[in-house]
Amino acid sequence: MAKLYFRYGAMGSSKTANAIMVRYNYMERGQTALMLKPHMESRDGVKQVRSRSGLTAPCEYIEDIDSIDVTQYNCLIVDEAQFLTREQVEKLVKIVDEKDVPVICYGLRADFKGELFPGSLYLMAWADAIEEVKTVCWCGRKATFNARIQDGKVVRTGEQIVLGGNESYVSLCRKHWAQGLLGGRGIRRIESGFDQYRDMLSSAQPDAGQLARDLERGEMFLLSEGGDSLAEAVAVREKEDLIRLASLATREAYRMTGCARSLIGHIRALYPKMRITATAPEHLAAFFEKVGFVYDRQVNECPNCADPASNSMLCFACLPAEDEA
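Just so we're aligned, residue 5 is where the sequence shown starts under this note's numbering, counting upward by one.
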């Protein structure tokens with residue numbers, strides 16, 4: 005007999021990645037699974053879901069469920085289920101009970117105020133199985149609250165729904181959510197809301213057009229502590245085996261404290277088999293050499309390499325871990 009599942013978790017608990025993997029598991033066994041999401045969730049693009057880890061899958065909108073023959077699928081998977089309405093949850097219940105098609109919903113349980121979302125409220129009430137997708141607070145305890153961050157502080161007033169990712173929300177345990185403590189130093193990927201980091205980003209890449217292109221093509225990583233932004237890095241994949249460090253900047257008060265080194269180490273750990281390149285002024289050569297880069301005039305295939313005499317910028321390369329041995 006089919007069941008309605010509600011799998012909830014705080015921000016960053018890999019709910020979407022889990023949903024995509026469930027879909028993949030069905031496909032691997034020769035079965036079909038339909039991914040759905042609310043139309044209002046538009047950050048990942050049209051009819052697409054995307055996890056923080058980079059996994060993607062096509063989807064349809066829950067608002068179009070009446071025009072879809074759900075009986076042709078072995079399972080329905082709903083992402084961002086906290087945004088469902090009562091009526092939409094009722095339709096999912098009928099699909100399970102009347103059409104015998106299992107439905108697995110993934111979403112947040114509560115908002116940044118600690119109050120249930122409407123979709124989560126009815127899923128908690130009507131689901132056959134309720135499961136928690138766990139993640140941890142910066143202190144190591146289980147994270148159950150989704151703190152909204154504004155100007156580096158936890159806020160508890162405002163509209164219930166403000167779409168955002170790591171730049172706007174962080175998962176905390178109940179104690180530190182209540183205290184508004186954002187914790188120690190850590191690195192997270194930023195997927196949107198770049199304007200609030202514009203000053204720091206432009207200090208490393210003053211060309212606004214190039215910065216916009218790098219942010220569109222690459223990934224931004226932010227090192228923060230207690231809600232304060234300390235340093236940033238932008239990494240762009242130029243080839244299958246090549247990452248370009250397009251931007252690296254540390255706030256003046258935190259320079260010479262290991263922030264930039266930590267960001268480079270984080271990127272190297274994420275891409276251990278890839279070559280990482282960087283272009284930097286001559287006065288930073290000693291720093292790049294200390295963190296494992298070597299000077300290589302030809303490695304970037306950039307204008308600076310083509311005519312180094314016309315520019316004071318130098319090019320550096322950091323080899324994959326296995327090549328360093």
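Think of the CB as a built atom: it goes at the ideal place given N, C-alpha and C, for glycine as much as any other residue.
Since we're looking at a predicted model, the values are computed, not measured.
Your pair Lys146 and Val140 checks out as a contact, with CB atoms roughly 6 Å apart and the cut at 8 Å. Annotated as distal: Lys103 and Thr60, with beta-carbon spacing of 8 Å or more. Pairing Asp245 with Leu227, the inter-Cα distance amounts to about 25 Å. By the neighbour-count criterion, in which a residue is buried when 16 or more other Cβ atoms sit within 10 angstroms of its Cβ, Asp115 is buried. Of the candidates Ala133, Tyr9 and Ala253, Tyr9 places its Cα closest to the Cα of Val82.
Put simply, of Leu80, Gly190 and Asp73 the residue whose alpha carbon is nearest the alpha carbon of Trp142 is Gly190.
In this structure, Val238 sits near Gly222, with a CB-CB distance shorter than 8 Å.
Distance check between His43 and each of Gln92, Ile24, Tyr201 and Ala23 places Gln92 closest, using alpha-carbon atoms only.
Look at Lys41 here: in three-state DSSP terms it is strand. If you ignore the 5 residues before and after Ile271, its C-beta comes within less than 6 Å of the C-beta of Ala239, all in its own chain and listed in chain order. Rounded to whole angstroms, the separation of the alpha carbons of Gly49 and Arg178 is 33 Å. Residue pairing by DSSP places Thr60 opposite Arg54 in a beta bridge. When secondary structure is reduced to three states using DSSP, Gln200 falls in the helix class.
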